[in-house]
Each structure stands twice: as C-alpha cells, then as structure tokens.
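Since the structure comes first, as structure tokens, the remarks are kept for the end.
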Amino acid sequence: MADTVGTEALHAWIREFARLIAEHKDLLTELDSAIGDADHGVNLHRGMSAVVEVLAKETPGRPGELLKRTGMTLVSTVGGASGPLYGTAFLRMSAIAGDAETLDGADLARVLRAALDGVVARGKAQAGDKTMYDALAPAVESLEESIAAGQPLGEALDGALRAAEQGRAATIAMVARKGRASYLGERSAGHQDPGATSVTLLVAAAAAALA
Amino acid sequence: MSAMKKLINDPANVVADALRGVALAHPELRVDHEQKVVYRGDAPVRGKVGLISGGGSGHEPLHAGFVGPGMLDAACAGEVFTSPVPDQMVAATKGVDGGSGVLHIVKNYTGDIMNFEMAAEIVAADTGTEVIAVITNDDVAVEDSLYTAGRRGVGVTVLVEKIAGAAADEGRPLADVAAVARKVNENGRSMGLALTSCTVPAAGKPTFDLPADQMEVGIGIHGEPGRRRVPVASAAEAAEMLVTPILGDLTYKNVIAFVNGMGGTPLIELYVLFAEVAAILEKSGVSIARSLVGPYITSLDMAGASVTLVEADDEILRLWDAPVRTPGLRWGI
Numbered sequence: 001m002a003d004t005v006g007t008e009a010l011h012a013w014i015r016e017f018a019r020l021i022a023e024h025k026d027l028l029t030e031l032d033s034a035i036g037d038a039d040h041g042v043n044l045h046r047g048m049s050a051v052v053e054v055l056a057k058e059t060p061g062r063p064g065e066l067l068k069r070t071g072m073t074l075v076s077t078v079g080g081a082s083g084p085l086y087g088t089a090f091l092r093m094s095a096i097a098g099d100a101e102t103l104d105g106a107d108l109a110r111v112l113r114a115a116l117d118g119v120v121a122r123g124k125a126q127a128g129d130k131t132m133y134d135a136l137a138p139a140v141e142s143l144e145e146s147i148a149a150g151q152p153l154g155e156a157l158d159g160a161l162r163a164a165e166q167g168r169a170a171t172i173a174m175v176a177r178k179g180r181a182s183y184l185g186e187r188s189a190g191h192q193d194p195g196a197t198s199v200t201l202l203v204a205a206a207a208a209a210l211a
Numbered sequence: 001m002s003a004m005k006k007l008i009n010d011p012a013n014v015v016a017d018a019l020r021g022v023a024l025a026h027p028e029l030r031v032d033h034e035q036k037v038v039y040r041g042d043a044p045v046r047g048k049v050g051l052i053s054g055g056g057s058g059h060e061p062l063h064a065g066f067v068g069p070g071m072l073d074a075a076c077a078g079e080v081f082t083s084p085v086p087d088q089m090v091a092a093t094k095g096v097d098g099g100s101g102v103l104h105i106v107k108n109y110t111g112d113i114m115n116f117e118m119a120a121e122i123v124a125a126d127t128g129t130e131v132i133a134v135i136t137n138d139d140v141a142v143e144d145s146l147y148t149a150g151r152r153g154v155g156v157t158v159l160v161e162k163i164a165g166a167a168a169d170e171g172r173p174l175a176d177v178a179a180v181a182r183k184v185n186e187n188g189r190s191m192g193l194a195l196t197s198c199t200v201p202a203a204g205k206p207t208f209d210l211p212a213d214q215m216e217v218g219i220g221i222h223g224e225p226g227r228r229r230v231p232v233a234s235a236a237e238a239a240e241m242l243v244t245p246i247l248g249d250l251t252y253k254n255v256i257a258f259v260n261g262m263g264g265t266p267l268i269e270l271y272v273l274f275a276e277v278a279a280i281l282e283k284s285g286v287s288i289a290r291s292l293v294g295p296y297i298t299s300l301d302m303a304g305a306s307v308t309l310v311e312a313d314d315e316i317l318r319l320w321d322a323p324v325r326t327p328g329l330r331w332g333i
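Encoded structure:
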C-alpha cells in the first residue's frame, strides 16, 4: 500500500482492533482478574463491538470524523477507566487529523503522539507505573524515529509493534502505581498489565491494516 | 448448578430491574431508565445549586437512595461496581441545573474520576454550566497514597452528600457548597473490615476466598483486598482494629460517628460494634456529637462493617441536623 492512508484504511484498522479484542477478550479479563477488577476484556469488547456497528451504519467521510466517532462511542459504552482513556486517545487523534482526507507517515506519527498525550492527560500516568503508557510510549517513539529516518510506513509500523511488545513485556516486573492494581502494592509485580496488553493490540492492528 | 442464591431475574438486568423497583416504590423520584439516572421529582430546583453523585451499583442505598430534598438532586447508576459513563453525568448535570451551578460528588476511584472529569468537560463545552467536583478519599486502609491511586472514597461520602445537600438547601452559592463538602471530607476518615466476600451477580461466585475463621481488615467497597487477614475477632477487638488507625491519622475531639454495615451484617451486630467504638472514643477523650448506624454504603452481600469519624464543628452539626427526605435518610420533615 502507498505511504498515505485514507478513511478506508483507518476503518480497516478499527475493525482489525475490534477483531483482536474479541479474540483476546478472555486473556484480557484473566490478566485483569489477577491485579484489577476482571472487566477489561468484557468492557473493551462491548465498546469495540459498538464502534464497529456505528461505523458500519454510516461510514464517516474523513479520517478525523472516523476517529471522533470511534472515541465518542468508546466513551459512551465502555465505562470504568478504559472508556475515558481509549476515548480520549481517539478524540485527540481526531483533533490532529482535522479535515485532512489522507494521512502520511509523519501525520500518523503526530496522530499517535496525540493519542499518547491524551492518555497521559487523562490518566496522569508516567513511565513505569505499569499502565498502557508503558507499551504505547515506546511504540510512538519508535514510529517517530523510523518516519524521521525515512523508513516506509509498513516497516515503521512493524518497528512500533516490536517496541510495544517489549514495553508490554516490561510491565510484568513493574509494581503498579495507578488504578486499582496500585492497591496491591508489591503483589502487583509478576503480572502483565492488561492495559499495556490491549494497547499493543491497537498497534498490532495498525501494523496489519495500515501497511 | 450455581452456588449463587440471589433474588434476581437475570444477572445482566439487575441494575435496570432495581431501578424499576426504585421508581415504583418512590413515586416522588423520577427515574430515567434509559440513562439510568434517578432525579428528585421536582428537579431542577430554580436558584439552588444542584448536587449529583454516582458510581458503580451494588452500594445501595448509596447513591440513588440519597436523592431527595436536603441531599442529592440526582444519582447516576453504573453497572455493578463499574463507574457510570459520562453521558449519564452529562444528562444528570443538565437535569439538575437550576441556574446556580452543579456540584459533582465523586468517590476516589480511577474510573469514577475519569468519567466525571470527561462529563464536566462535555458540559463546559456544551452548556457552560458551572461544575465543581469534590473528591471523597477517606479510607485510611490505603497507607501509601504516594504510590497508589490514593485513598479510596468510602463512608464519608454519605456524610458529604447529606451535609453539602443541606448547604445547597440554604441557598448558598456553588463555591460555598463545594467548600463545605471538602471540609467534611477532610475532617473524615474511615476503615472497614469484611467477614465474607461479596458475590457480583454477573460473576456468580464470591470475589475472593475468605476462610470461615478469617476476616479481612482494611477492605474497600468492591471486595478489593485489604491490609491484612486476621482470625475472626470479637466486636471489641474489631472496633480497636478499625478505630485505632483512624485516630492515628487525624486529631478528633467532637465527632459524627458512623458505623456502617457492608450489606450482609445485621443491625444488632452493628449496634454491638457501635457500643465498642463509643467505649474506645470515650477512653480517647473524643465525644460523640451525632451518630449514624446502619447499612448506608454497602458492598452487595458482603458481611462486615466500617467506621467513619468526622470531626464536627457547629456548621457541620447544624447542616447535619437540617431536614432531609430521601429513601435512605429521612428526618426533620
């Protein structure tokens, strides 16, 4: 595929993310029962199913509108902490995409940086807090570097996925400092973070659908 | 065969079914079944600051049971133990806005904070209604608030809703009502214990295993783990375990003492516990100005109790004594 993506490709990205969430629903819930409240898989699955339905009924014409509709639907259907976090991420992406009809690699890097900034603004998480930040931040940094170095989008997204996977794996050893897992203190170490796991699926879906 | 014995129809519809019951039992309230918001029947009250709260269901009577004159104007019901979504708080905020602004009372849980925050942003962009959020965080069981999401909001929330509700009824402006709510929260500390776990209807089995001869000290209100597990103790010993950390955290002289049941503990035991709490307070030179005993912020069918102490000045006592008419608290009217 070319190095620019339009609404159709982004729509495929969202659908692929929904498919991956459905496929990993039980894993996400299992990870969340160890250190949270056992609803991450169920809640995200409910939200992404709603998103797929909304976008199928009336597909928006531009990337920004598609991302906005996705974010609004997640905010209205997911609840808990992941609703506002994913919802804010998509709404911030939409703001950066604006009225553009297509996005190139540099645009995409800025869009995903905005998603990360949104997650930080909403959740106040820092590196090492054992949250989705720990997988999303390395992915965004990797994408920015690869695009700046002139890599084709496909390769750059593959690199971002590897960075997300490494970040996800690093959450296993971390002690949680945010969310309900933080009440476990040291007992939260030894478990992979459910949010870092689901956001890695978001990057995996991008690598599969946008390249 | 399920081990779950509950008076429900379908685990997926517990919240909706309960709200139908609320609407039929309390015709003075208005229930929006689609948004799952409970309003006082005459909302919005012109010129009065609107008070809304909300959170996961399963803590009844909190919050819908505290909707009515002298307390909340509306309550948003989430799924069991899951925060409501911003759409609900947006609807409730608009529905109670009598032109003097709206106070959001939010228990300190990550999901509740974020969803209320988003609702406030949407309202600000949409109608420009002035919204102030007050966060309750009174649970002394969370010791290391630097490295956690902070102390949880538990028992003091009931007292904040009552006292701030009375301040709003006096016609005071939003900033004042918020200041009163913050003062009650800052003067309040709580600690709870569980004798059994609770069973979330959708899960169908107890949230955690608690052996018959053990109790969990320092629990929150969702069956999350506590500070430590100890052999089941007498009410006198249990009172020590709950009151000592509270008195260690804040200086108390004259208090509203609130002994709360977690849902599965009978009132007779709560009174046994209250007697022991009162004895400790007397020994510590703390006098009890007012008291509240009963299940007001529960954790489904969990057996257990919590103690909340709020240091009370004249203003807090006057507002506590003011009339209130809700399904859960009712006096002076």
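Chains as they are written, first to last, in UniProt numbering: chain Y, 1 to 211; chain H, 1 to 333. Ideal Cβ placement from N, Cα and C applies to all residues, glycine included. Quick caveat: nothing in here was measured; it's all calculated off a predicted structure.
{"Asked": "Inter-stretch contact (C-beta, 8 Å, three-pair minimum) for the region 117-130 of chain Y and the region 89-99 of chain Y", "Found": "yes"}
{"Asked": "Chain-order list of residues whose beta-carbon lies under 6 Å from that of K94 of chain H (same chain, five-residue window excluded)", "Found": "none"}
{"Asked": "According to DSSP, residues forming a beta bridge with V310 of chain H", "Found": "H:G188 and H:I256"}
{"Asked": "Which of helix, strand or coil DSSP assigns to D139 of chain H", "Found": "strand"}
{"Asked": "Cut-off 8 Å between Cβ atoms - residues of its own chain near M1 of chain H, not counting five sequence neighbours on either side", "Found": "With a pLDDT of only 39 at M1 of chain H, under the threshold of 50, the placement of this residue in the model should not be trusted; the figure read from the coordinates follows. Excluding positions up to five away in sequence, the list is empty."}
{"Asked": "Interface flag, R113 of chain Y vs chain H, CB-CB below 7 Å", "Found": "no"}
{"Asked": "Local conformation of G223 of chain H per DSSP, three classes", "Found": "coil"}
{"Asked": "Minimum Cβ-Cβ distance from residue 334 of chain H to chain Y less than 7 Å", "Found": "Absent from the structure is residue 334 of chain H, since the part of chain H shown begins at 1 and ends at 333."}
{"Asked": "Per-residue contacts from T82 of chain H into chain Y (C-beta, under 9 Å)", "Found": "D37, D39, N43, G79 and G80"}
{"Asked": "Contacting positions in the region 83-114 of chain Y - beta carbon closer than 8 Å to chain H", "Found": "G83, P84, L85, G87 and T88"}
{"Asked": "Chain-order list of residues whose beta-carbon lies under 8 Å from that of T59 of chain Y (same chain, five-residue window excluded)", "Found": "T7, H11 and L66"}
{"Asked": "For M114 of chain H, the three-state DSSP class (helix, strand or coil)", "Found": "helix"}
{"Asked": "D18 of chain H and V38 of chain H closer than 7 Å at C-beta", "Found": "Asp is not the amino acid found at residue 18 of chain H; the sequence shown has Ala there. Their beta carbons are not under 7 Å apart, which means A18 of chain H does not touch V38 of chain H by this criterion."}
{"Asked": "Complete alpha helix (DSSP H) runs within the region 223-305 of chain H (minimum length 4 residues, chain order)", "Found": "235-249 and 267-283"}
{"Asked": "Nearest-angstrom Cα separation, counted from C198 of chain H out to A77 of chain H", "Found": "19 Å"}
{"Asked": "Check whether D39 of chain Y and D104 of chain Y have beta carbons under 7 Å apart", "Found": "no"}
{"Asked": "Below-7 Å beta-carbon distance, V119 of chain Y vs any chain H residue", "Found": "no"}
{"Asked": "Anticipated Cβ contact below 8 Å, V96 of chain H with I163 of chain H, distance rounded", "Found": "18 Å between Cβ atoms; not a contact."}
{"Asked": "Short CB-CB distance (under 7 Å) between M1 of chain Y and chain H", "Found": "At M1 of chain Y the pLDDT is 44, less than 50, meaning the model places this residue with poor confidence and gives no usable figure here."}
{"Asked": "Alpha-carbon to alpha-carbon, M191 of chain H and V293 of chain H", "Found": "15 Å"}
{"Asked": "Contact with chain Y by T298 of chain H, beta-carbon distance below 7 Å", "Found": "no"}
{"Asked": "Start-end ranges of the beta strand (DSSP E) lying completely within the region 32-90 of chain H, minimum 3 residues", "Found": "37-40, 50-57 and 74-80"}
{"Asked": "Interface flag, S76 of chain Y vs chain H, CB-CB below 7 Å", "Found": "yes"}
{"Asked": "G328 of chain H, buried or exposed, once every other Cβ within 10 Å from all chains shown has been counted against 16", "Found": "buried"}
{"Asked": "For D209 of chain H, three-class secondary structure by DSSP", "Found": "coil"}
{"Asked": "Spatial distance of V106 of chain H from T207 of chain H (CA atoms)", "Found": "24 Å"}
{"Asked": "Short CB-CB distance (under 7 Å) between T110 of chain H and chain Y", "Found": "yes"}
{"Asked": "Where M1 of chain Y falls, given that 16 or more other Cβ within 10 Å makes a residue buried", "Found": "For M1 of chain Y, the predicted model reports a pLDDT of 44, less than 50, meaning its position is unreliable; a value from the coordinates is still stated below. Exposed is the call here."}
{"Asked": "Collapsed DSSP secondary structure at H24 of chain Y in the structure displayed", "Found": "coil"}
{"Asked": "Residue span of the beta strand (DSSP E) that contains Q151 of chain Y, given as start and end", "Found": "Note, Q151 of chain Y: premise wrong, no beta strand (DSSP E); not H, not E."}
{"Asked": "Distance between beta carbons of I147 of chain Y and A156 of chain Y, contact taken as under 8 Å", "Found": "5 Å"}
{"Asked": "Helix, strand or coil at V154 of chain H [DSSP, three-state]", "Found": "coil"}
{"Asked": "Where T4 of chain Y sits in the DSSP three-state scheme", "Found": "strand"}
{"Asked": "Closest Cα partner of E224 of chain H within the set Y:A181, Y:S198, Y:A211 and Y:V199", "Found": "Y:A181"}
{"Asked": "For L116 of chain Y and V177 of chain H, the rounded distance between their alpha carbons", "Found": "36 Å"}
{"Asked": "Chain-ordered residues of the region 214-237 of chain H with a beta carbon less than 8 Å from chain Y", "Found": "G220, H222, E224 and P225"}
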